[in-house]
Every structure is written in structure tokens, then in C-alpha cells.
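Notes follow once the structure below has been shown.
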Amino acid sequence: MDAVEPLKARRIYLLLRERILNGALEPGSRLPGELSIAAEYGVSRVTVRRALDTLAIDGLIDRRPGSGTFVREGNSVQPIVADLSNVLSHLVEMGRRTSVRLLSFAYVNPSESVAGALGLEPGERAQRSIRVRLIDGAPFSYLVTHVPERIGVTYSEADLASMPLLGLLERSGIVVDEASQSIGATLAGPDVADALGLEIGSPLLSLTRVVWDPSGQGVEHLHALYRPDRYSFHMDLVRTGAVGARRWNPVVKPTTARPELQKYKAKGPKSLKPKPRPVRVSTQRRTST
């Protein structure tokens, strides 16, 4: 098989998927035949068949022997859209809407970059977990999380397999106050591809997030990989400055704090001693075009 054949199939899959989701191929409509699609995109019929197989697995199409391939009506996996202007609120809501599969749980000596981001002392261990999050039974994210050991020991492996991490932190008396994150793109390695049901080398969204409590102590380091067909990021912007300025600032949507979070903010965590926050260089959240 051509070494680039899986990448070609992935490209055709994404193109057809986009046409289905944006309504160009309407629910119930019949897709062109494999030969027609192959000719349209300049690929082999085998490549088209692989792309259609993936669309069928995702629940976007129905293949009816003797009749053709049709866009399925109303049974596809709905992608998650993350609101970047309200990260923590989104995390809570996502924990309620999705399920998780725990792949790994251990206490380790983290890398220098993770230890530095969390402000760990030399030799201080962290709890590392690897999870796959699913929506409607379909995997969409691969999550590698590090939490300082003194926090990790407050909950069990079984807890992490059944509850969102943010909820476990708050249950332990941790107030999650601030987060910083960066977003990029990468390709799926063998382990990630297998966990997310993708071909090796498939494109992924990459996110790294560090979360702090009010004292400035790092409480979580997350490296997350997302299937771009099942997860996307969204932010509302407002134009600022004088007339003619090309500056945009994010619109932060107001939320109502939950009672238990207000209680923790008032009393503060009891069991964990805060440590000085590592120095960070931050920039204004501003874009220009």
C-alpha cells in the first residue's frame, strides 16, 4: 500500500464530512458513487472506500447495498465547541456531558517543564493520569494530566475514572482560580491514534493548560490532544480602540459561581499549604489583523 494512502483517505474523509456538516450534502441525500468521488478528488477508489468507512463509523452515512450511500438523518456524533472566553465553566459542563476511560494512573517524577509549570520542589513527585474522553461513546480527546502528589493522594484511581478532575480538586478543598493555555496542532502517534480511532499521522488539535489556585500554586498541568472533527475552539471578540484600530479583545461571558465554589473562596483550602507561584510572563489577550 502507498505510504501516503491513509493520509489521502483522511483528507477525503474530512472534505466529505465538512460537506455533510455544513449542509452541502443534506440529511437523507444520496452521495455520489465511489468512482465519481475518486475522479472528483483525483484519488483511487480504495482511498474513497476507506474514507467512507470512517464516515460510517462516525454515524454520518448509511451504506445500503444495491441502493448506494446516504447521509444519515440525526444520528451523527455532535462535535463539542469549547468557549475560550470561559474555560473553567466549559470544563465543568463538559464533565457532565461526556464520559471518560482511564488508561493509566501512577506517581512519577515529572519532566522539568511540567515540574517548573507547577512550581514543584526538586524531587517532588506528581500524579500522572492518561485518559480518553468520549461523547456519545465516541472518543474525541486524549488527556495527559499531572497533579502535585500532595493533591493527588486526596482521591483514588476509581474516583478519577468516574468524576471530572476539576470536581475532585474542589472536593479536596482546592479553589481553581486561574488558568493559562496554549493551542497548536500536531500529528497522532501510534498510541494516541489507537486510543482515538484514527490513522497514525492524522492531524490533531494540541492544548497545554496550567491551572493555579488563588495563592498562585500550580494544581494541574494538562496536555490534551483533540480530534478536530469532534472538537473545536470558539471565542467571541469585540473591537476596541479608536476608529480605524485593528485590535480585538475577547468577550468574557458572565457566569454565576456555584455555592460550593463560593464557600471555598471564602474559607480557602484547609489541608494544603500554598507555595510561591513561579514567575510567568504574560501578554494581553489581544489580536490584530
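With numbering that gives the first Met the number 0 applied, the sequence shown corresponds to residues 0 to 288, in that order. The beta carbon of each residue, even a glycine, is placed where N, CA and C say it ideally should be. Note that this is a predicted model, so its numbers are computed, not measured.
For the beta strand (DSSP E) holding L236, just list the boundary residues, first then last.
Along the sequence shown, one-based indexing puts residue 236 at 237. L236 -> beta strand (DSSP E) spans L236 to T239.
To which residues of the same chain is P202 closer than 7 Å at the C-beta, ignoring the five residues directly before and after it?
Counting from 1 along the sequence shown, the entry for residue 202 is found at position 203. Taken in chain order, the residues that qualify are A184, L186 and P227.
Entirely within the segment 88–138 and at least 3 residues each: give me those beta strand (DSSP E) ranges in chain order.
Counting only runs of 3 or more, we get 98–107 and 125–134.
Is it the case that the Cβ atoms of V107 and R124 are separated by a distance below 8 Å?
Taking the first residue of the sequence shown as 1, we reach residue 107 at position 108. Taking the first residue of the sequence shown as 1, we reach residue 124 at position 125. Yes. Within cutoff.
How big is the Cα-Cα spacing for G240 and D135?
As a first step, residue 240 is located in the sequence shown; it is residue number 241 there, counting from the start. As a first step, residue 135 is located in the sequence shown; it is residue number 136 there, counting from the start. Approximately 44 Å, taken between the alpha carbons.
For A105, which residues from the same chain have a beta carbon less than 7 Å from its beta carbon, with the 5 sequence-adjacent residues on both sides left out?
Indexing the sequence shown from 1 puts residue 105 at position 106. Within the same chain, A105 has close Cβ partners R127.
Given a cut-off of 8 Å, decide if A116 and H222 are closer than it, judged by their beta-carbon atoms.
Here residue 222 is taken as the residue at index 223 of the sequence shown, counted from 1. Here residue 116 is taken as the residue at index 117 of the sequence shown, counted from 1. In this structure, A116 does not lie closer than 8 Å to H222 by Cβ.
For V191, count the other beta carbons within 10 Å of its own beta carbon; 16 or more makes it buried, fewer makes it exposed. Which is it?
Working through the sequence shown from its first residue, we reach residue 191 at position 192. Result: buried.
Return the first residue and the last residue of the beta strand (DSSP E) that Y225 is part of.
By one-based count along the sequence shown, residue 225 stands at place 226. Here the beta strand (DSSP E) through Y225 covers G217 to Y225.
Mapping the DSSP letters down to three states, classify T185 as helix, strand or coil.
Numbered from its first residue, the sequence shown carries residue 185 at position 186. Reduced to three states, the DSSP call for T185 is strand.
Restricting to Cα atoms, I'd like to know which of L30, E33 and L197 is closest to P138.
Translated into positions along the sequence shown, residue 138 becomes position 139. Cα-wise, what sits closest to P138 is L197.
Tell me where the beta strand (DSSP E) around G166 begins and ends.
Within the sequence shown, the letter at position 167 stands for residue 166. Note, G166: premise wrong, no beta strand (DSSP E); alpha helix (DSSP H) at L164 to R170.
Do I60 and V70 count as a contact pair if the criterion is CB distance below 8 Å?
Position 71 of the sequence shown, counting from 1, holds the residue named residue 70. Position 61 of the sequence shown, counting from 1, holds the residue named residue 60. Yes, these two residues count as a Cβ contact at 8 Å.
If you run the structure through DSSP and keep just helix, strand and coil, what is Y67?
Indexing the sequence shown from 1 puts residue 67 at position 68. Correcting the residue type first, residue 67 is Gly in the shown sequence and not Tyr. Correct three-state label for G67: strand.
Taking 8 Å as the cut-off, decide whether the C-beta atoms of Y12 and T68 are in contact.
Along the sequence shown, read from residue 1 onward, the residue named residue 12 stands at position 13. Along the sequence shown, read from residue 1 onward, the residue named residue 68 stands at position 69. No; because the gap between Cβ atoms is not below 8 Å, this pair is not in contact.
Helix, strand or coil: which one does DSSP assign to I60?
For the purposes of this step, residue 60 is taken as residue 61 along the sequence shown, with counting starting at 1. Three-state DSSP puts I60 in a strand.
Enumerated in chain order, which unbroken segments of the alpha helix (DSSP H) with a length of 4 residues or greater are wholly contained in the segment 20–49?
Entirely contained in the segment 20–49, the alpha helix (DSSP H) runs reaching 4 residues are, in chain order, 33–40.
Three-state secondary structure (DSSP) at P290?
With the chain represented from 0 up to 288, any question about residue 290 goes unanswered, as that position is not in the structure.
Going by DSSP in three states, T53 sits in which element: helix, strand or coil?
Mapped onto the sequence shown, residue 53 falls at position 54. Of the three classes helix, strand and coil, the one that applies to T53 here is helix, per DSSP.
Could you check if L119 is buried or exposed, using at least 16 other CB atoms within 10 Å of its CB as the buried criterion?
The count along the sequence shown starts at 1 and reaches residue 119 at position 120. With 16 or more other Cβ atoms within 10 Å, it is buried.
Rank A114, A38, L102 and A178 by C-alpha distance to the C-alpha of A157 and give the top, closest one.
Taking the sequence shown and counting its residues from 1, the one referred to as residue 157 is at position 158. For the residues A114, A38, L102 and A178, the minimum Cα distance to A157 belongs to L102.
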